[in-house]
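Chains as they are written, first to last, in the numbering used here: chain A, 4 to 231; chain B, 4 to 231; chain C, 4 to 231; chain D, 4 to 231. Built from N, CA and C at the ideal position, the CB exists for glycine as well. Presented below is the structure to which this report refers.
4 protein chains.
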Amino acid sequence: MALPWGGIVGQDEIDAYDAAGFGRPQGMGKRPALLIIDVQYRTVGTRREPFWEAIKEFKTACGEVGWQAVDHIRPLLGLFREKGLPVLYPYVAPKESFDVGRLAEKVPALMTVAAKGYEFVPEVAPVEGDVLLPKKHPSAFFGTPLVSYLIDLGVDSLVFTGCTTSGCVRGSVVDAFAYNFRCTVPIECVYDRSRTSHAVNLFDMAAKYADVKSVAEVMAQIRALQPA
Amino acid sequence: MALPWGGIVGQDEIDAYDAAGFGRPQGMGKRPALLIIDVQYRTVGTRREPFWEAIKEFKTACGEVGWQAVDHIRPLLGLFREKGLPVLYPYVAPKESFDVGRLAEKVPALMTVAAKGYEFVPEVAPVEGDVLLPKKHPSAFFGTPLVSYLIDLGVDSLVFTGCTTSGCVRGSVVDAFAYNFRCTVPIECVYDRSRTSHAVNLFDMAAKYADVKSVAEVMAQIRALQPA
Amino acid sequence: MALPWGGIVGQDEIDAYDAAGFGRPQGMGKRPALLIIDVQYRTVGTRREPFWEAIKEFKTACGEVGWQAVDHIRPLLGLFREKGLPVLYPYVAPKESFDVGRLAEKVPALMTVAAKGYEFVPEVAPVEGDVLLPKKHPSAFFGTPLVSYLIDLGVDSLVFTGCTTSGCVRGSVVDAFAYNFRCTVPIECVYDRSRTSHAVNLFDMAAKYADVKSVAEVMAQIRALQPA
Amino acid sequence: MALPWGGIVGQDEIDAYDAAGFGRPQGMGKRPALLIIDVQYRTVGTRREPFWEAIKEFKTACGEVGWQAVDHIRPLLGLFREKGLPVLYPYVAPKESFDVGRLAEKVPALMTVAAKGYEFVPEVAPVEGDVLLPKKHPSAFFGTPLVSYLIDLGVDSLVFTGCTTSGCVRGSVVDAFAYNFRCTVPIECVYDRSRTSHAVNLFDMAAKYADVKSVAEVMAQIRALQPA
C-alpha cells in the first residue's frame, strides 16, 4: 500500500534516513500478542459520525477514522482469537477525584468525559480471558503491570492497534521497543485526530521502532506462524 | 517566534485540536532541572558541516541543525549553572558486545559508531557535580535511575534540550509527563535529521505533553524564579 | 521502645552491622505522605480473632496482630488528615480470570479470597481525595503509577503502615528507598503472620533502608513539621 | 539439605504459613539465566579472611561466607556456560561525585570503598558475551535495563547467586517474581553478613517468591533441561 507519509515527509528526508541506515525490518517472532489500545466510545463516539459531529458527543473522539480502524481491527482480532494468541486491552481508566497532575492541566477536557465514553466499542470488545489494563498515562506500559503479563504469556512480539497514533500508540511502541519486543503496526488499524501527526508518527515508528505495514501483510504473517 | 509546525500541520487540524481542548499551558514549577540529551559528537559531528558531509563522519550525525542548537543550549546552560539549578546528561552509552536486540536490528548503523562519537560536545559538556546517565534505550528514564536523581534533587520541572526531537527527546518528554514533571521544550535547543519530524513532534508535544516555546521565553522564566 | 529484633538477631550480628557502618538515620523531609498498605479485611479478618480462627475466614488473615496495628494506624492517620498531608492506599486488587503467573503458583490460596476480603477496614478506610492504588504485585510501586502521584504531590518522605512487614511493606520500602524518598516505618503500625519475619525484616529495613521507630516518635516528628 | 531457617523461625510459624497455603513450588521453565549479583572484592575481600579481618579491608565485606559461596557458584557458572545459557552480572557501580541521596545517608561507609573493591572476583568473573549491569540501587532491576536483556534472550527463569541475601538478592528476587520470571535461589550460593537475616530472608523468599533449594538440586534441574 502507499505509505501514509508520502507527500508529507520530503524525499530528501527519506533519502537522509536511508543514508543514515534507519528503518531496517525487525520481523515478527514466534509468539505475538495483540494490543488494542483505547478503543472505547470516548475515542470514536457511539455513532459513525464525522469528526466535527463526533466531538460534540465526546471531546476526545476522532470521528470516522476511528470507525474505519475498528473495521480493520475486527478481522485481525478474529485471527488472533482463532490462533489462540493473547489479546490485551490497555484502556483509559475513568478519572477519579484524586487524578490531577500534568494531564489535567494540559488537556482539561480529558477529565470530564461521560461514563459511557469509557465503555469498549462492542465490535472489538474483550472476552473472558483477555487481559484488561486500566491506565492513567499514555504508554500502556507506564504504571501498569503489562510487561509482567507479557513475560508470563511468553510473548516476544506485539501488534499495535487503536489510538491515537501520535499518543498512546506511539508511547507504547517506544516502550515496547525498549523492552526488546518485536513491534508491528498495521497501518489501517491505528487512528488519530490529525492526519499529519498520524502520518509522521508512522514514519517515525517505521524508521526507528517498528515494522509498519498493511494489515493484510500482518495477517499473512500471523497465518504463517507455526503452532508452538 | 513562528511555530515550527506552521505550513506543515494544516489549519483545520490545529482547529480540531483547539476544539478538542488540547495544548493548554502547564507552566514551570519552582525547581526546574536541565536535561541535555545525547549532545555527543555522534549527533553533530566533530566539525560544523552540512548533513550530507556530517554523516560521512558519523552515520548518526544531524549536521548543521545540531550545531545551531548547541549555540542556543550554551547560554541556557550558563543560566542554569548561574542559578545553581541541576543539570543532568542522559547520553548514549558506547555499545558493548552484549548489546543486541531490537535497536541493533532496526538501525544497525547505530552499533558501529567510533569511540570519538561518544564524547560530549565541549561547548556544552558536563562539569563536576552534574549527573551523568548512560542509557541504552531512547527515553532518558528507561533503564536508568534518572527519576531517583530528580526526586533526590527536589525537582518539579524539566527543560529538555538535545536530540533527536523525534527520538530520545520525544521519548523522554512522554515519560516525564507521565511522571508528572512539568515539561518545557525550548524550540531552538532541540534538533533532528528530519525537519518534518522535528516540526510535527514539537506540535505533538505542545498539544499533549509540554510547553513548547522560544529559548528566550524559557530563559526569562528561569530568571524570574525565586531562590528556594 | 524495645527493638523488636532483640533476642532474635544476635548481639555479634548487631555489632557487625555497626562496625560496617549500617543503620544511620535518614530523618524526615518537609513533606511526608502516609501509605496504608493492604489494610483490607483479607489481612485482618472481619472480626478481632486469633490467627488460627482468623484464617478460617480468610487464609490471608494475620489475626490479632493486624487489629493491634489498626489501633495504632488510626491516630497516625488522624494526624495526617489534620495536617492536610497526603494519604495513599495501595491495596490488593481483586483477582481476575486473567491473573495467573508466579503468584498463583507460589500461593494459590491468594487467588480465591472472597469479595468481602477486598474491602478496606472501616477504622482506617479512605475518604474522598485519598489516592487509591490497586496493585497486582508486592511492592506498591510495581506496575502502579504511585511514583507519579508522589511527584505531583511534592512528597519527599513516606511513612509506611499496613502489611505484611515481610511482604508488601518490605517490598515497597526497598523501592521507595531506591527512588530516594525518606522512609520511616512506625513499628506498631505494620504487621505480619510470622513474628520472626516481622522482627528480622524490621531489622533489615532499619539497617539499610528506613528509619524504624515507635509510632509515638513518628507522630512527634509529624507534629513538629512547619506548614509549607 | 537442612533448611537454613530451622531453629530460627519457630515451628508454629512454619505451621501457620503451611495452613495459609504459602510456599508452593514454582519449578523451573525452559530457559533459565544465571544472575551473579555483586560478587566483587568489596563483598568478600581480596583474601579469604574471617568477617572481622575482612571489614578492615572493605567495610562492605562479608568475609568467609562470601568465599564459601564463591566456591559453590563456580561449578554452577560452569554448567551455565557449558549449556550455553545466559549469564548476567548486575554489580555495584563505583560511586561518583553526584551519587548522594538515601544510600549515602543510611550507610555512608558504602560511599568510600576503594577502587579495587569494585573488581569482579576472578573465580567467577564475566567473560566476553556476558551481560554487565552497573547498578546504583539494591534490586538488579531498578534503574537498569535488565528486563530488556531478559526479554531479548527469551529467558523465563532466573537463578540468583551472590550477595547479600537480605539486600540485593532479596530485592532482585521480589522484582523478578513481580515480572513473572520463575525464581530459584540455590542456598549455598548466596551470602550475607548476618546469619539470622540470611536465614530469615531465605525463609521469606521460599514462602512467597522463589524456590529455595540446594545447589546440587538446582544443577540437576539445569542438567535435565532439553536443548531449545
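Would you tell me roughly how many angstroms separate the C-alpha atoms of residue i and residue j, rounded to the nearest one?
{"i": "B/ASN183", "j": "B/VAL177", "result": "10 Å"}
{"i": "B/VAL90", "j": "B/ILE190", "result": "18 Å"}
{"i": "D/VAL193", "j": "B/GLU85", "result": "48 Å"}
{"i": "A/ASP21", "j": "C/ILE39", "result": "54 Å"}
{"i": "B/ASP133", "j": "C/PHE145", "result": "29 Å"}
{"i": "D/VAL103", "j": "C/ALA179", "result": "15 Å"}
{"i": "C/HIS75", "j": "C/MET222", "result": "11 Å"}
{"i": "C/ARG196", "j": "C/PRO141", "result": "16 Å"}
{"i": "A/LEU106", "j": "B/TYR212", "result": "8 Å"}
{"i": "B/PRO97", "j": "C/ALA209", "result": "38 Å"}
{"i": "B/LYS33", "j": "B/LEU153", "result": "13 Å"}
{"i": "A/PRO78", "j": "A/VAL42", "result": "15 Å"}
{"i": "D/ALA36", "j": "D/VAL158", "result": "6 Å"}
{"i": "A/GLY24", "j": "B/LEU156", "result": "39 Å"}
{"i": "B/ILE225", "j": "D/LEU136", "result": "37 Å"}
{"i": "B/THR63", "j": "A/ASP18", "result": "14 Å"}
{"i": "C/GLU16", "j": "B/PRO111", "result": "52 Å"}
{"i": "C/SER217", "j": "C/MET4", "result": "7 Å"}
{"i": "C/TYR121", "j": "A/LEU80", "result": "33 Å"}
{"i": "C/GLU60", "j": "C/VAL116", "result": "9 Å"}
{"i": "A/PHE54", "j": "A/THR168", "result": "16 Å"}
{"i": "B/LEU228", "j": "A/ARG51", "result": "49 Å"}
{"i": "C/TRP8", "j": "C/ILE58", "result": "26 Å"}
{"i": "B/VAL73", "j": "A/VAL124", "result": "48 Å"}
{"i": "B/PRO230", "j": "D/LEU82", "result": "59 Å"}
Alpha helix (DSSP H) containing residue i: first to last residue?
{"i": "A/TYR44", "result": "44-47"}
{"i": "A/LEU80", "result": "67-86"}
{"i": "D/LEU232", "result": "The question about residue 232 of chain D has no answer here: the residues shown for chain D are numbered 4 through 231."}
{"i": "D/ASP102", "result": "D/ASP102 -> no alpha helix (DSSP H), and no H or E assigned at all."}
{"i": "C/TRP55", "result": "54-60"}
{"i": "D/ALA22", "result": "14-23"}
Can you name the residues of chain B whose CB is closer than 8 Å to the CB of residue i?
{"i": "C/ASP155", "result": "ASN183"}
{"i": "A/SER217", "result": "Within chain B, no residue comes near A/SER217; the closest Cβ sits about 19 Å away, beyond 8 Å."}
Which residues of chain C have a Cβ atom closer than 8 Å to the Cβ of residue i, listed in chain order?
{"i": "A/HIS140", "result": "PRO148, SER151"}
{"i": "B/ASP159", "result": "ILE154, GLY157"}
{"i": "A/GLY104", "result": "SER151, TYR152, ASP155"}
Below 8 Å on the Cβ atoms is my contact criterion, and I expect residue i with residue j to pass it. Report the Cβ-Cβ distance as a whole number of Å.
{"i": "C/CYS186", "j": "C/LEU161", "result": "6 Å"}
{"i": "A/THR49", "j": "A/GLY69", "result": "The Cβ separation is near 11 Å, so there is no contact."}
{"i": "B/SER175", "j": "A/VAL203", "result": "Not quite, the Cβ-Cβ distance comes to about 19 Å (not below 8 Å), so this is no contact."}
{"i": "D/VAL172", "j": "D/VAL215", "result": "Not a contact, Cβ separation roughly 11 Å."}
{"i": "C/GLN29", "j": "D/LYS109", "result": "6 Å"}
{"i": "D/PHE163", "j": "D/VAL12", "result": "D/PHE163 to D/VAL12, Cβ: 20 Å. No contact."}
At what residues does the beta strand (DSSP E) containing residue i begin and finish?
{"i": "A/ALA36", "result": "35-40"}
{"i": "C/LYS216", "result": "214-216"}
{"i": "A/TYR94", "result": "90-95"}
Residue i touches chain A at which residues, Cβ-Cβ below 8 Å?
{"i": "C/PHE101", "result": "GLY132, ASP133, VAL134, LEU135, TYR152"}
{"i": "B/TYR20", "result": "ARG196, SER197"}
{"i": "B/ARG27", "result": "GLU108, LYS109, VAL110, PRO111"}
Please list, in chain order, the chain B residues whose beta carbon lies closer than 7 Å to that of residue i.
{"i": "D/GLY87", "result": "The contacting residues do not exist; D/GLY87 stays about 14 Å from chain B at best."}
Residue i versus chain A: which residues are under 7 Å apart at the beta carbon?
{"i": "B/GLY170", "result": "LYS211"}
{"i": "B/ASP207", "result": "SER169, SER200"}
{"i": "B/GLY69", "result": "Within 7 Å Cβ-Cβ: nothing; B/GLY69 doesn't reach chain A, min ~13 Å."}
Would you mind telling me which residues of chain A sit closer than 9 Å to residue i, beta carbon to beta carbon, in chain order?
{"i": "B/PHE145", "result": "VAL177, ASP178, ALA181, TYR182"}
So which residues on chain B does residue i lean against when the C-beta distance must stay under 9 Å?
{"i": "A/ASN117", "result": "The amino acid occupying residue 117 of chain A in the given sequence is Ala; Asn does not appear at that position. Chain B residues near A/ALA117: none, gap ~15 Å exceeds 9 Å."}
{"i": "A/GLU16", "result": "ARG196, SER197, ARG198, THR199, SER200"}
Residues of chain D with a CB under 7 Å from the CB of residue i: which are they?
{"i": "C/GLY13", "result": "THR199"}
Check the Cβ of residue i against every Cβ in chain C and list those closer than 7 Å, keeping chain order.
{"i": "D/PHE54", "result": "ALA19"}
**Message:** Suppose only complete runs of 3+ residues qualify. What are the beta strand (DSSP E) ranges in the segment 155-206 of chain A, listed by chain order?
**Reply:** Correct list: 160-166, 185-189.
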